[in-house]
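Enquirer: Taken in order, these protein sequences are the chains called A, B and C. Using this note's numbering, read the first sequence as starting at 1021 and increasing by one per residue. Using this note's numbering, read the second sequence as starting at 17 and increasing by one per residue. Using this note's numbering, read the third sequence as starting at 5 and increasing by one per residue. In this text, a Cβ means the ideal position worked out from N, Cα and C, and glycines have one as well. Everything numeric in this text was worked out from a predicted model, so none of it was measured.
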Amino acid sequence: MYTLFFAAAIACGYGFWARWQAWSRGRPDSKRVDLNGSAQRLWQQVIVQRKIWSVSTAGWSHSAIFWGFVVLFVGTCIVALEDYGAWILGVEHFFFFGTFYLVVSCALEVFGLAFIGGLALAAARRAGNSTQRPLARPIDQAVLWLLFVIAMTGFFTEGLRIAGVEGGRSATSFEAWSFVGWALAGLVERSGIETGVIRGTHLTVWMIHMVLSMGFVAALPYCKLRHIFLAPLQIAITQPRRVGQLEGVSMEEVEETGTYGVGKIDDLTRRQLLSFDACTECARCQNVCPAHATGKPLSPMRVVLDLGRLANRSTPANGSTDSAPGLHGETISAEVLWSCTSCAACVEECPVSIDQLGTIVDLRRSLVGEGEIRGSAQAALRSIGAAGNPWGLPQDERMDWTEGLDVPTLESEPDPDIVLWVGCAGSFDRRSQKVTRALVRILRHAGVRFAVLGKKERCTGDPARRMGDEFTFSELASANVETLNANRVRRIVTACPHCFNGLKNEYPELGGEYKVVHHTQLIDELTKSGALNLKPLSDGGVSKKVAYHDACYLGRQNGVFDAPREALKASDAEVLDPAQSRERGFCCGAGGGRMWMEEDLGTRINEERWKQLSVLQPDAVAVACPFCMTMMTDAAGAQESEIEVLDVAEIVAERLA
Amino acid sequence: MNDVLVIVAPAVVKKGDFAAIGFAQQAAERTGGAVDVLLLGPNASAAAERLQGCGARTLYAASPVGVENYTAEAYAASIAVFFDGREDRLIVAATSSQTREVFPRLAALTDRPVTSDVVAIEELDESSVSFTRAVFVGNLLCTETLEGSSALVTCRPSEFEPVELVPSVSAPIETVELSGEFAHAGKRYVSLEQAASERPDLKEADIIVSVGRGTKGPDEGIPLAEELADALGAALGGTRAVVDAGWLPNEFQVGQTGKIVAPKLYIAIGLSGAIQHLAGMRNAKNIVAINKDQDAPIFEVADLGLIADLFQAVPELIAAVRSFQNAST
Amino acid sequence: MKILVSIKRTPQRDARIKVDEGGQLQLGDVKFEVNPFDELALEEALRIKESRSDDTEVVVVTVGGEECQEQILAALAMGADRALRVDTRDELDRLQIAKVLAAVVERESPDLYLAGKLAYDDESSQIPAMVAGLLGWPQASQASKIELTEDGAIANVTCEVDDGLEHVGVSLPAVVTADLRLNEPRYASLPGIMRAKKKPSDVIPLSDLGDLGARRVSVSNYRGLPAKEPGVKVASVDQLVDELQARKLI
């Protein structure tokens, strides 16, 4: 048994050592682990299992298994410590006796049952036909059975031990605290088997229990069970980040090393490689991925698993690195990477804090660095760089939307309360121009002193960054920061969540610190402060039923869920939420540069989203993003729907007093 | 010294060649010289008959020995031999895929100044000639001046009045024997694959008929648009929505993610004008929009807008175009 | 094998070019790029290089001043191995430029000379054919497909001609021009530009290249198109047809 124990320990140790080797291939990053944050995350995500509870059956099942496992593991350790302690000290009992013994024994029974119950629920979920279930491959079923048999043999070992004691249960009535074992012992006793046979069977069952347990230990690093150790580790050391936040790239480093983005497995950071090994294959990221839902080749989980497998396939520990397939093309195809809308639903969902989106953008960066971005996506990047807007329209036309409105620029209004950042869509797209004009009417109505940058405004660089072109992003962002700082801009409002996210979250790193609000937030603020008066309905009823579509970059990535809904309610609209809303909002399909790419694989994301919204039978679908506006309007047209698509600002502007 | 030589090569007389002769006549009026025509190719003599009455002084027909098919190398070499000794003020041709490569090669062989695809003659005297050309994707015009007593030029056929044949005024057809090694040893003609579609290519077409979702699909509005395109000799295009719906194949897509076009006339039918689409056709010289939604953004860029149901308006337009064409031929 | 690609610095394809009252181009705010058709030619050269087992070298050449260095860098960033710039600030006509390029070809003796079918600015579509004529090389224009035989002796080219597709074979050395459908060029991004800075890039003084003859073609008096009439709404198909005829559009 000791041989077996050492063999298992060696197998387990070697497995994790090999993993360690695989992680060490990655680049070190200089980021410290923030202990306070780690403790909080460990509490939330490991102890309380908060993320897992977002699917309640999973919450029950995994929490039962998790807590069952932890308590049984601690119990086993106590027993081992007791036995070896007593043996070394030469005493009958070391510390495991009396009330402590009874309480622990009882707890082990309770958690053992919970463990088995959790396993049963897990097996049922895998057998069920729900879309929200983890992968069910034979190996995963086998793991559940292994744990189940270990738990059952544990109980039987205990029962047989009690029954095998001289005098049986009557001699050891205190063992009744181990109520499952006690009951099993009772069954054995009633069968009238001889004590000698019972003892022999006890030994056999114990051996089976031990062998299986050792097998489990040995198997740990080689299958998804490794998450038992790696998930808490990953959660502890991961960098705290906003959902959807991207790591910047140091241009100096690129100049020095000549590598940009992740072109081969060693270009990933150690932390990233470790995080892939923590994947539990729960498939939640895949279930919420709009690209996956519409038949694109992307599954965020597959990306994570494929990268993890590649890192481990070619470690020095298991031989040659030459035979391993390449990363781009062979392991992950370009089509997979370009399918991503950067909506960050996967990141939001992941129970072990893996950054699938950041990884995908890292891989995109390498493609862009090697020039492997073609056609319309490349054209958009060029236009962003050269013309300052993704459509390549002349900067001279940036103010055309103001025709007849006499909108002040910073020249005529040098010290406004707030700067209106119009954005490229709001400036050039004829549909979005109407939204900008509605917003101007609202601002005027509320007496807000505002100004626009006019022809000095350029694309914020968001699409370039999401497409993997940091160079173009930083050129544009720096130019914009320079303009904003030169004009001492302090507060900015914008109707574009992509501009909003960039200005608010990404510009501070470049020296641009502003108070940035989305137009729905400003409208909410203005109605609540009384500055904006809206016409009340004469009958006090509902102006229209509105299904609100959460924009990913406003909602999930920046937590702005209530302001647009409040603004709609202030206009006497009844707000309807589809099942996929707020954190679970389903992307329109235009993020991550997808706005400028063809969608020729699978079905269309915008039409899928339209189905989710139109089933609520609203009078209008409300959006809060120009890209969502385009995608939803296209979807409404494609499905010949009579439902209007309106921006929140347009709905509010209709009701200006 | 004052004569203008028109090159028709290969000797398959096309619409553009009549415009080139018209252009040559404009030039000859200024120089006071005569217009000669050189037809080059295996069937040059027969082709020359088709130009009888074009007002030329002489129709030269040359079928260079050993040149079965058109190649830029052989044609440039034989033309160079033909006008060796002649003193034409201008050597002209209609812009075509052949003259685009033959004329510059000829300029190099004979060390003459050359320009291409001109849209007008500005000035012309013994030592200098200037033309108007369209540059920067047709967004600007400029004047190009060629110094010297002899120059090569190709003209854009759509900009010049084609010559009208007056069969009673006949010109002698003179067969020219050109001898020499014209075929280039390094060039082999293999085959010509005629374009499958009767309609012109989107990028090349002068007129494009483009359809949006308002056409309601392949059983309803799209056949009407096709009929109109055929009546006008136009290319057919469509929006992303139409292509996505599978109503037209991918290569018909006009717009930012499709083809970017700049025809002389763009007829948008049942098409609202989303920004992605406008980005692909905003350089069209003339835009006609037919749409029943008067708020459609396409009207903001249209030169001529007709607010009407396309299912009524397009058949009327087809009928009008046909009657106009019948009247003019 | 050695492939020479000539590239031209042209205003960015989206740029709206303005003209001053004296008929001069106003290029102050305009960004420049490698002429998009030349980019197609370069992409094709790079693809040929990638598909061949011999050590194929791709050399780019341009004629112009210091300002062209930006486009040289972009071409090297895409993957060209080496660059040449014939340094001149003189205004040359197209035949003179063709003579310069032919002289470069004689120095470099490439197996294949690739260029775009036309330049986005002057749209003249002349120089590659002139170079072929000056060198006495065969040429294939407006290629939508180029296939080299394995021994690198012949290029089988599909040319986009007015009537359809013409298939020709040219023995190398030859001049081939690229049309739109030939390929989709790669993107010259940051790391490529950084690598490009380390690649060899030579400057040849114009005077080294012999007699170019006199300049005989000059360009002047740039002007916009006649102002577009504001759009009008017509009431009927008849009125529409009348308008179209009045504008000589049908």
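Under 7 Å between C-beta atoms, does C/Asp18 make it to chain A?
Expert: Under the Cβ distance rule, C/Asp18 counts among the residues neighbouring chain A, one pair being separated by less than 7 Å.
Enquirer: Are the C-beta atoms of A/Ala1407 and some chain C residue less than 7 Å apart?
Expert: yes
Enquirer: C/Val236 by DSSP, collapsed to three states: which one?
Expert: When DSSP states are grouped into helix, strand and coil, C/Val236 belongs to the strand group.
Enquirer: Counting contacts by CB-CB distance shorter than 7 Å, is A/Gly1657 in contact with chain B?
Expert: True, the Cβ-Cβ gap to chain B drops below 7 Å.
Enquirer: Between the region 1366-1400 of chain A and chain C, which residues of the former have CB atoms less than 8 Å from a CB of the latter, in chain order?
Expert: Val1388, Gly1389, Glu1390, Gly1391, Glu1392, Ile1393, Arg1394, Gly1395, Gln1398
Enquirer: For A/Ala1337 and A/Leu1253, what's the separation of their Cα atoms in angstroms?
Expert: For A/Ala1337, the predicted structure reports a pLDDT of 49, less than 50, and the residue's modelled location is therefore unreliable. The matter cannot be settled from this model.
Enquirer: With a threshold of 7 Å between beta-carbons, can C/Ser205 be considered close to chain A, or not?
Expert: C/Ser205 does not count as touching chain A.
Enquirer: So if I threshold CB-CB distances at 8 Å, which residues from the region 1278-1309 of chain A count as touching chain C?
Expert: Those residues of the region 1278-1309 of chain A placed with their C-beta closer than 8 Å to a C-beta in chain C are Gly1278, Thr1279, Tyr1280, ordered along the chain.
Enquirer: Work out the CA separation of B/Asn266 and B/Val259 for me, nearest whole Å.
Expert: 6 Å
Enquirer: Under 7 Å Cβ to Cβ from B/Thr126, same chain only, skipping five residues before and after it: list those, please.
Expert: Ala96
Enquirer: Apart from the five residues on each side of it in sequence, which residues of its chain come closer than 7 Å, Cβ to Cβ, to A/Leu1588?
Expert: Val1566, Tyr1568, Val1595, Ala1642, Val1668, Ile1671
Enquirer: What are the residues of the region 283-304 of chain B that lie near chain A, defined by any Cβ-Cβ distance shorter than 9 Å?
Expert: Ser288, Gly289, Ala290, Ile291, Gln292, Leu294, Ala295, Arg298
Enquirer: For the ligand FAD, any of its heavy atoms closer than 6 Å to the Cβ of A/Asn1578?
Expert: No copy of the ligand FAD appears in this structure; indeed no ligand is present at all.
Enquirer: Taking the alpha carbon of C/Ile52 as the reference point, which residue from C/Val179, C/Gly156, C/Lys203 has its own alpha carbon closest?
Expert: Among C/Val179, C/Gly156, C/Lys203, the Cα nearest to that of C/Ile52 is on C/Gly156.
Enquirer: Closer than 8 Å by beta-carbon distance: list the chain C residues that pair up with A/Ser1678, in chain order.
Expert: Residue 1678 of chain A falls outside the range modelled here, since chain A spans only 1021 to 1677, and no answer is possible.
Enquirer: Should the region 58-70 of chain B be regarded as contacting the region 87-101 of chain B, the criterion being three or more beta carbon pairs within less than 8 Å?
Expert: Contact between the region 58-70 of chain B and the region 87-101 of chain B is absent: fewer than 3 CB-CB pairs across the two stretches fall below 8 Å.
Enquirer: Give the DSSP-derived three-state secondary structure of A/Gly1315 in the structure shown.
Expert: coil
Enquirer: Note down the Cα distance separating C/Val64 from C/Leu77, rounded to an integer number of angstroms.
Expert: 10 Å
Enquirer: If you draw a straight line from the C-alpha of A/Gly1481 to the C-alpha of A/Leu1496, how long is it?
Expert: 6 Å
Enquirer: Using a Cβ cut-off of 8 Å, which residues of the region 1410-1429 of chain A contact any Cβ in chain C, in chain order?
Expert: Gly1412, Leu1413, Pro1414, Asp1416
Enquirer: Using a Cβ-Cβ cut-off of less than 9 Å, give me the residues of the region 311-326 of chain B that come near chain F, in sequence order.
Expert: The question asks about chain F, but that chain is absent: this structure's protein chains are A, B and C.
Enquirer: Given C/Leu29, which residues of its chain have a CB within under 7 Å of its CB, disregarding the five upstream and five downstream residues?
Expert: Ile21, Val23, Tyr226
Enquirer: When we look at the beta-carbon of A/Ile1067 and count the other beta-carbons within 10 Å, is it buried (16 or more) or exposed?
Expert: exposed
Enquirer: For a contact defined as C-beta to C-beta under 7 Å, what are the partners of C/Pro189 on chain B?
Expert: None at all; the shortest Cβ gap to chain B is about 15 Å.
Enquirer: Below 6 Å CB to CB, which residues in the same chain sit around B/Val182 once its five sequence neighbours on both sides are set aside?
Expert: Gly69
Enquirer: Among the residues of its own chain, which have a CB less than 6 Å from the CB of A/Gln1259, if the five just before and after it don't count?
Expert: Lys1051
Enquirer: Taking the alpha-carbon of A/Glu1275 as reference, which of A/Asn1505, A/Glu1586, A/Leu1557, A/Gly1389 has the nearest alpha-carbon?
Expert: A/Gly1389
Enquirer: Can you check whether the CB of B/Glu138 is closer than 7 Å to the CB of B/Thr131?
Expert: No; because the gap between Cβ atoms is not below 7 Å, this pair is not in contact.
Enquirer: Who are the neighbours of C/Met134 on chain A, taking C-beta pairs under 8 Å?
Expert: Those within 8 Å of C/Met134 in chain A number zero; the least Cβ separation is about 30 Å.
Enquirer: Roughly how many whole angstroms lie between the Cα atoms of A/Ser1340 and A/Leu1401?
Expert: Here the model assigns A/Ser1340 a pLDDT of 48, short of 50, so the residue's position is not dependable, and the following value carries that caveat. Using only the alpha carbons, I get a separation of about 39 Å.
Enquirer: Which residues of chain C have a Cβ atom closer than 7 Å to the Cβ of A/Phe1491, listed in chain order?
Expert: Chain C residues near A/Phe1491: Ser193, Leu194.
Enquirer: Can you give me the start and stop residues for the alpha helix (DSSP H) that C/Pro15 sits inside?
Expert: Taken as a continuous stretch (DSSP letters only), C/Pro15 belongs to no alpha helix (DSSP H), being part of the beta strand (DSSP E) at 13-15.
Enquirer: Name the two residues that bound the continuous beta strand (DSSP E) containing C/Thr181.
Expert: 178-182
Enquirer: Grouping DSSP H, G and I as helix and E and B as strand, with all else coil, what is A/His1569?
Expert: coil
Enquirer: Short check: CB of A/Ile1228 to CB of A/Ala1183, under 7 Å?
Expert: no
Enquirer: Could you tell me whether any Cβ in chain C is nearer than 7 Å to the Cβ of A/Ser1340?
Expert: Unreliable positioning characterises A/Ser1340 in this predicted model, as indicated by a pLDDT of 48, which lies under 50. The coordinate reading is nonetheless provided below. No, no contact with chain C.
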